[in-house]
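If you read the sequence shown in our numbering, its first letter stands for residue 253, the second for the next number, and so on.
Here the structure comes first, spelled out in structure tokens, and everything after it is commentary.
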Amino acid sequence: MKNFLDQCRDAIGPAHVLTGEKDTASYLTDWRQRFTGKALAVVKPASTDEVAAIVRLCNQFQVPVVPQGGNTGLVLGSVPDTSGSAIVLSLTRLNRIRFIDPISNTMTVDAGCILEQLQNAAAEAGRLFPLSLAAEGSCTIGGNLSTNAGGTAVLRYGNTRELCLGLEVVTAQGEIWSGLRGLRKDNTGYDLRDLFIGAEGTLGIITAAVLKLFPQPKAQLTALAAMRTPDDALRLLSLAQNHCGAALTGFELMSQLCLQLVTKHFPQMQLPFAEESAQYVLLELSDSESEEHAMAMLESVIGNALEQDVIQDAVVASSIAQSKSLWNLREHITLAQAAEGKNVKHDVSITISRIGDFIRETDILLQQNFPGCRMVTFGHLGDGNLHYNVSPPENASDEAFIAQQDAVNRVVHDSVHRFGGSISAEHGLGALKRDEIRLYKSDVEIQLMQSIKRTLDPMNLMNPGKVL
Ligand code: FAD
Ligand code: 2HG
Ligand code: ZN
Numbered sequence: 253m254k255n256f257l258d259q260c261r262d263a264i265g266p267a268h269v270l271t272g273e274k275d276t277a278s279y280l281t282d283w284r285q286r287f288t289g290k291a292l293a294v295v296k297p298a299s300t301d302e303v304a305a306i307v308r309l310c311n312q313f314q315v316p317v318v319p320q321g322g323n324t325g326l327v328l329g330s331v332p333d334t335s336g337s338a339i340v341l342s343l344t345r346l347n348r349i350r351f352i353d354p355i356s357n358t359m360t361v362d363a364g365c366i367l368e369q370l371q372n373a374a375a376e377a378g379r380l381f382p383l384s385l386a387a388e389g390s391c392t393i394g395g396n397l398s399t400n401a402g403g404t405a406v407l408r409y410g411n412t413r414e415l416c417l418g419l420e421v422v423t424a425q426g427e428i429w430s431g432l433r434g435l436r437k438d439n440t441g442y443d444l445r446d447l448f449i450g451a452e453g454t455l456g457i458i459t460a461a462v463l464k465l466f467p468q469p470k471a472q473l474t475a476l477a478a479m480r481t482p483d484d485a486l487r488l489l490s491l492a493q494n495h496c497g498a499a500l501t502g503f504e505l506m507s508q509l510c511l512q513l514v515t516k517h518f519p520q521m522q523l524p525f526a527e528e529s530a531q532y533v534l535l536e537l538s539d540s541e542s543e544e545h546a547m548a549m550l551e552s553v554i555g556n557a558l559e560q561d562v563i564q565d566a567v568v569a570s571s572i573a574q575s576k577s578l579w580n581l582r583e584h585i586t587l588a589q590a591a592e593g594k595n596v597k598h599d600v601s602i603t604i605s606r607i608g609d610f611i612r613e614t615d616i617l618l619q620q621n622f623p624g625c626r627m628v629t630f631g632h633l634g635d636g637n638l639h640y641n642v643s644p645p646e647n648a649s650d651e652a653f654i655a656q657q658d659a660v661n662r663v664v665h666d667s668v669h670r671f672g673g674s675i676s677a678e679h680g681l682g683a684l685k686r687d688e689i690r691l692y693k694s695d696v697e698i699q700l701m702q703s704i705k706r707t708l709d710p711m712n713l714m715n716p717g718k719v720l
């Protein structure tokens with residue numbers, strides 16, 4: 253009988269089963285370059301049928317499968333362990349937009365489509381696909397669905413789960429479940445779609461999806477405001493929501509250090525203010541009436557905020573280029589923090605009204621335990637999601653600080669737990685937070701998740717070692 257890899261070659265063509273060191277390297281290391289695994293091969297099918305054929309072979313030979321999209325995930329979900337027993341199943345050749353239905357406002361797409369490709373296709377059809385994140389040039393919609401990605405427009409449009417009306421999935425046994433009906437109402441039993449969304453590839457492989465489209469806004473305005481504290485940022489959020497309602501589509505908090513790192517490592521980017529402030533908020537308004545209407549709303553928010561001493565300064569972008577440069581400041585924080593050195597990331601969510609208290613209390617605890625550590629705090633304040641990242645003290649060794657990662661996590665995650673929050677708001681658990689989550693979820697919750705996993709994937713072949 254032919255061996256496993258030969259049968260994979262027969263199923264999808266030898267050129268798409270990669271085994272050479274050079275060919276496979278980029279698939280085996282995570283985006284942050286913190287971990288490199290090993291794989292039997294990187295297998296790149298081009299259709300749902302080919303994915304199903306490969307998964308059936310994996311069943312026959314009991315080979316674990318690590319699904320991978322753009323490999324931009326931040327929790328070690330998309331790379332294999334070091335055993336070399338698994339294949340990486342890359343979905344990037346499944347990259348067709350199957351169908352756009354402008355009347356139903358839906359788009360049916362292959363899982364390997366790059367997010368930016370989908371945003372552009374929707375725009376060409378006169379519609380908006382609102383999912384937006386800094387990795388949009390390389391992450392795939394299959395990865396976005398599998399992590400239930402958030403990003404910068406959750407405040408208005410929800411996270412990826414809320415943007416999805418149907419899925420096509422290759423099950424752990426290699427069968428194809430076609431749930432691409434795209435209905436907005438369908439109460440016919442357990443919601444399988446929602447089970448696969450956010451499962452990080454541990455229950456099956458998403459091969460296609462029906463996504464929601466929205467009307468394109470008539471006007472989009474971006475502003476950057478400067479304030480003293482996160483509590484002031486929350487006051488600005490209330491003002492903006494009162495004045496703008498659903499037109500407020502983005503509300504991103506960034507501390508002074510975040511933007512200092514961006515301008516240090518990307519000197520072509522500059523802050524538009526003469527004086528520095530402790531905190532900044534990037535606001536985005538999307539209006540269905542007109543530019544004038546949007547501007548009137550924004551000016552009234554800013555005017556009120558200045559009058560009430562909630563903010564000290566603000567700029568409104570007067571061109572698309574200016575808006576882009578404000579967004580660039582925000583979207584380069586991850587890259588700037590990486591350029592500064594290694595760091596410990598936290599992707600937490602807290603009840604919005606308690607975020608100021610959380611930051612104040614946890615900052616004190618961290619300084620007591622790790623004197624001089626630098627807080628790179630930013631995130632999607634409008635939906636309560638903070639990237640509460642910790643960099644080593646200036647001039648301290650990265651390695652020595654990273655050796656204390658577990659202790660840093662304990663301080664932060666215990667604090668999140670005391671505040672009733674979540675230790676993974678939008679990035680998922682992967683292998684990075686798999687053990688950590690057991691400290692904070694009840695036995696009942698873990699056991700329910702384990703029984704779902706055992707039922708759908710009894711041989712534990714789907715991304716083993718991730719999530720659970
Ligand atoms: P991958 O990294 O390839 O995979 C992620 C997980 O999904 C893995 O567990 C993998 O096994 C699984 N998977 C992938 N494809 C499939 C599939 N078709 N079927 C089943 N399982 C699959 N995330 C946010 O939520 N919000 C942000 O604002 C954000 N900003 C980011 C900014 C930067 C600079 C970077 C590097 C990352 C950012 N991320 C953000 C994290 C990351 O981009 C998202 O998690 C994204 O959704 C991952 O997509 P991907 O295609 O790269 O998936
Ligand atoms: C973002 O919001 C991403 O930019 C990345 O979720 C967060 O770098 C991070 O910690
Ligand atoms: Zn984020």
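A virtual CB, placed ideally from N, CA and C, is assigned to each residue, including glycine.
On a predicted model such as this, the values are computed, not experimentally measured, just so you know.
Three-state secondary structure (DSSP) of residue i
i: residue 725; result: The question about residue 725 has no answer here: the residues shown for the chain are numbered 253 through 720.
i: residue 477; result: strand
i: residue 517; result: helix
i: residue 675; result: coil
i: residue 349; result: strand
i: residue 409; result: helix
i: residue 416; result: strand
i: residue 600; result: strand
i: residue 452; result: coil
i: residue 576; result: helix
i: residue 275; result: helix
i: residue 398; result: helix
i: residue 432; result: coil
i: residue 379; result: strand
i: residue 502; result: strand
i: residue 695; result: helix
i: residue 566; result: strand
i: residue 324; result: coil
i: residue 374; result: helix
i: residue 711; result: coil
i: residue 684; result: coil
i: residue 655; result: coil
i: residue 288; result: strand
C-beta contact flag for residue i and residue j at 7 Å
i: residue 459; j: residue 420; result: yes
i: residue 290; j: residue 334; result: yes
i: residue 641; j: residue 677; result: no
i: residue 618; j: residue 668; result: no
i: residue 303; j: residue 422; result: yes
i: residue 453; j: residue 316; result: no
i: residue 495; j: residue 552; result: yes
i: residue 503; j: residue 407; result: yes
i: residue 298; j: residue 345; result: yes
i: residue 563; j: residue 479; result: yes
i: residue 276; j: residue 322; result: no
i: residue 561; j: residue 499; result: no
i: residue 415; j: residue 470; result: no
Beta-bridge partners of residue i, as assigned by DSSP
i: residue 556; result: Paired residue(s): none; residue 556 is not in a bridge.
i: residue 627; result: 642
i: residue 632; result: 637
i: residue 538; result: 472
i: residue 531; result: 479, 507
i: residue 342; result: 320
i: residue 266; result: Its beta-bridge partners do not exist; DSSP assigns none.
i: residue 464; result: 358
i: residue 423; result: 456
i: residue 295; result: 269, 341
i: residue 392; result: 366
Residues of its chain near residue i, where Cβ-Cβ distance is below 6 Å and the 5 sequence neighbours each way are ignored
i: residue 622; result: none
i: residue 673; result: 600, 601, 602
i: residue 373; result: 349
i: residue 430; result: 420
7 Å CB neighbourhood of residue i in its chain, flanking five on each side removed
i: residue 547; result: 473
i: residue 386; result: 583, 586
i: residue 589; result: 513, 595, 628, 641, 643
Same chain, Cβ closer than 8 Å to residue i, neighbours up to 5 away in sequence not counted
i: residue 686; result: 717, 718, 719, 720
i: residue 702; result: 720
i: residue 625; result: 618, 619, 642, 643, 644, 645, 653, 660
i: residue 607; result: 482, 486, 633, 636, 638
i: residue 650; result: 593, 594, 644
Residue i Cβ short of 6 Å to the ligand HEM heavy atom set
i: residue 597; result: As presented, the structure is devoid of the ligand HEM, carrying the ligand FAD, the ligand 2HG and the ligand ZN as its sole ligands.
Checklist line | Any residue whose CB is nearer than 7 Å to a heavy atom belonging to the ligand ZN, listed in chain order | finding: 385, 402, 403, 599, 631, 632, 637, 639, 678
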